[in-house]
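Here's the structure, in structure tokens; my notes come after.
Residue numbers (the numbering used here), protein chains in the order written: chain C, 416 to 788; chain L, 136 to 723.
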């Protein structure tokens, strides 16, 4: 019996044939693939939200996390040809291709000297023209500029690329980056693990096994990381559930993932313009299903930049407990047509969370409380 | 009564503003030197202590920092100095006075950094003997009262607070309140309150101390101080001078008690039982959003059992842009035009009549948009009675009554009521609105819904048609005290469904919040998305581009699991759109 829900809500669980899943959740029994599919396909978004919210509140009550960070996308030159991407340019010299000099990249950190950001998030294209030292120098430079910043940098796709290009093992790559200041790995590049969808989306970048192996290695070296899923392009719901379960299986072994971040597909300026973008309905049910399936991952994060702040706020009732914070500069989604403002002030974000009846907590990358909200 | 919180704190001058007002009912205070305070905390003999920052990273320490106050500096601190007889460039060695490890680490970081003597050997000496050792080519770190009463021979005096500030631009934090992770909230609040009471007392200190306490010491543990603290920790750890670990403040608890779920009220409301004012207010304040939405959704299926969502293909236009906009609307297969009238002038009535004839006869559109204030205003401006004005509009073809969104409280206005009654007598129907973010309180919104319900009841009782729908708008003002966010909008939609038992439809007016949020509203009591084809930027908040065409609206309805239905002004003609348009790859 799920006691925290009203009798009305419990009756609705029966009406929508979700009562057995609710009982599993209450008893701490792990959900399986079929449960995931039933949750995904339930017509009642509201009841799904109630279940996800219950799971969220059991973990975090009303606490809603955010952080203040700086995004640096140092280059968009990228050898990979992922068809959903609006950011990358194949070669240096292509129209709109850019690669920041170290001085330029560090200039972004310097500009924010006076702001209480606690993290810098660095994600780049797979640029064939950069030497290995570029990345090490970038991290060292950031640390020299702002020793207090946690550096969350390089997706598993980049780590894999570094290993291949510079002839190192994942472990070597990670150890060298850690010595230069790497603090954790972001969760990007996971896209969809299932080989059918992955072949269509991004055939020439690291496969599911490689992506997971990079994170396993990072976790074994003591790094925490995040994980993502690109949803709403050409994948099936089954492939989404499969994706989440692969992440859950690795997490069982390492416990190194902090946060799962579903990334909504944007269709402008890429090869999938013919596709509709996923709607709010799809975003909300994806957060909810993730919260319920990923019982071993602490946080579910909504990235308001791609969702719009209104839907991001509503997502706090569908399992989300973390809003990606006051991003300073973001190129990847804006090149794909995201129209949300690029920055949201801290006070605005705090207000947004309070207006949702939640309690804002400013965190650092590793979820320590940074300041009073 | 709970046992008192055991506090270990420093007896130094600079600590007393933080400690003198510690509530004796709550705290048992023991004064000691900083290193002892840290040790007591570490051994579990104290619950919280005013401890040197360096001790937070002692082996095994897993303390949290209390927000609010610290002992810090923002420039000259006077009491933490590097001293020597000759210039720093000529020193061969620095002795470190063991009394304050934080200051010693600061000195080492600064010697390696901005002071440019990274190679200088350092040696620890007994606490309080720094000034004694500073002779010849030996410099020393001196702190506290010793630093403020130096022998004249020590002519080199480098203020480490100043060097830190010049180097980093940040305050420096020497000591913080830190304690065991599960320190009760009342203790954390009590520490803050004591500091707040102690700050003004600095003015009462003896003259010699007053300047030190008000100028040299900076007590606020604010954003800048926290950044200085984090920088120091990171530099200290990178240099191997501080142990590993992360800085974490006390935060709110996830286990904060929740309001009691008004389960019985929700169940009764969901069954469609009439809701009194008390219940409406209780639900508005106390029902969690998901539960409130669930109850409203139950009722929605009772009131509107088909798995359908209506919308109105319509566009808005003004008397001035009508000629240009009307053909565009018909080209987009709009069924209706919504007039936006603005402030009435003498000829507004006549122009509206003419507009009605044009729109009806030449473009075949139904027309609405005249609201109670419009009618009253244009009658007054044309010096005719509202009855006459309305008769003229009706004979020119006016199909519905509505107007711009109303403020809460409008229902109580006699003019508002009189104009609606008048329209009702002519059989004109239309929606009414509840707009969030115009300065109303949550209670005002509930009262507005209750007043609308009463008015609707009296209209229906009198045999007049009443409102077709309630449309919930939000200004999304972004003002901190207005609570007009998407969440408030969703809750109000749910509440409207539960309270307004005599209004058939609840419209989720979405242009300000987006169609994604509107999909959520379809599970919170809304069964209608109102007019669309509203390609008028005035209706979208600045910086947003939520305006869209009918196809987008229908796509959003469809993927949320409903059949889109194109309706007219009063829901008499319904066109179900069962097939998705071809040529687009339709997904959720």
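Quick reminder that beta carbons are idealized off the backbone N, C-alpha and C, glycines included.
Taking 8 angstroms as the threshold, the shortest C-beta distance from residue 622/L to chain C falls below it. The beta carbon of residue 766/C sits closer than 8 angstroms to some beta carbon of chain L. Interface annotation, residue 694/C: in contact with chain L, CB-CB separation under 8 angstroms. Between residue 256/L and the set 240/L, 228/L, 162/L, the nearest pair of CA atoms involves 228/L.
For residue 673/C, the uninterrupted beta strand (DSSP E) segment begins and ends at 672-679. Residues are counted here when their Cβ sits less than 9 angstroms from a Cβ of chain L; for the segment 693-719 of chain C these are 693, 694, 695, 696, 697, 698, 699, 700, given in chain order. Proximity to residue 285/L across 407/L, 297/L, 263/L, 317/L peaks at 263/L, based on C-alpha coordinates. Taking 8 angstroms as the cut-off, the beta carbon of residue 522/C is found no closer than this to the beta carbon of residue 558/C.
With its beta carbon at least 8 angstroms from every one in chain C, residue 334/L lies outside the interface. The Cβ atoms of residue 489/C and residue 515/C sit closer than 8 angstroms to each other. At least one C-beta of chain L is nearer than 8 angstroms to the C-beta of residue 785/C. Taking a C-beta cut-off of 8 angstroms against chain C, the contacting residues of the segment 689-714 of chain L are 690, 691, 694, 695, 696, listed in chain order.
For residue 732/C, at least one C-beta of chain L is nearer than 8 angstroms to its own C-beta. In this structure, 423/L is the residue among 423/L, 197/L, 646/L, 364/L with its C-alpha nearest to the C-alpha of residue 419/C. Residue 426/L counts as buried, since no fewer than 16 other beta carbons sit within 10 angstroms of its beta carbon. Here the C-alpha atom of residue 622/C lies approximately 36 angstroms from the C-alpha atom of residue 373/L. The CB of residue 462/C comes closer than 9 angstroms to the CB of 425, 429, 432, 658 in chain L, given here in chain order.
In the three-state reduction of the DSSP assignment, residue 497/C falls in the coil class, being assigned neither a helical nor a strand state. With respect to chain C, the C-beta atom of residue 389/L has a partner C-beta closer than 8 angstroms. Interface residue (Cβ-Cβ distance to chain L less than 8 angstroms): residue 587/C is not classified as such.
When DSSP states are grouped into helix, strand and coil, residue 457/C belongs to the coil group.
Residue 142/L carries a strand assignment under DSSP once its states are collapsed to helix, strand and coil. Distances from the alpha-carbon of residue 297/L to those of 384/L, 308/L, 289/L, 171/L put 308/L closest. Assigned with DSSP and collapsed to three states, residue 555/L falls in helix. Residue pairing for residue 640/L: DSSP places it in a beta bridge opposite 604/L. Look at the segment 562-594 of chain C: the residues with a C-beta under 7 angstroms from a C-beta of chain L are 562, 563.
In this structure residue 211/L does not touch residue 283/L by the C-beta definition: roughly 12 angstroms separates them, more than the 8 angstroms allowed. Taking the Cα positions, residue 673/C is about 8 angstroms away from residue 642/C.
Using a Cβ-Cβ cut-off of 7 angstroms, residue 383/L is close to 783, 784 of chain C, given in chain order. Taking a C-beta cut-off of 8 angstroms against chain C, the contacting residues of the segment 286-313 of chain L are 304, listed in chain order. Here residue 513/L has 479, 483, 484, 487, 524 as same chain residues with Cβ atoms under 7 angstroms from its own Cβ, once five neighbours each way along the sequence are excluded. The Cβ-Cβ distance between residue 312/L and residue 183/L falls below 8 angstroms.
About 5 angstroms separates the beta carbon of residue 162/L from that of residue 142/L, a gap short enough to meet the 8 angstroms contact definition.
Nearest Cα to residue 321/L within the set 596/L, 632/L, 140/L: 140/L. The beta-carbon of residue 774/C is placed less than 8 angstroms from the nearest beta-carbon of chain L. Each residue's CA atom was taken as its position, placing residue 473/L and residue 464/L some 11 angstroms apart.
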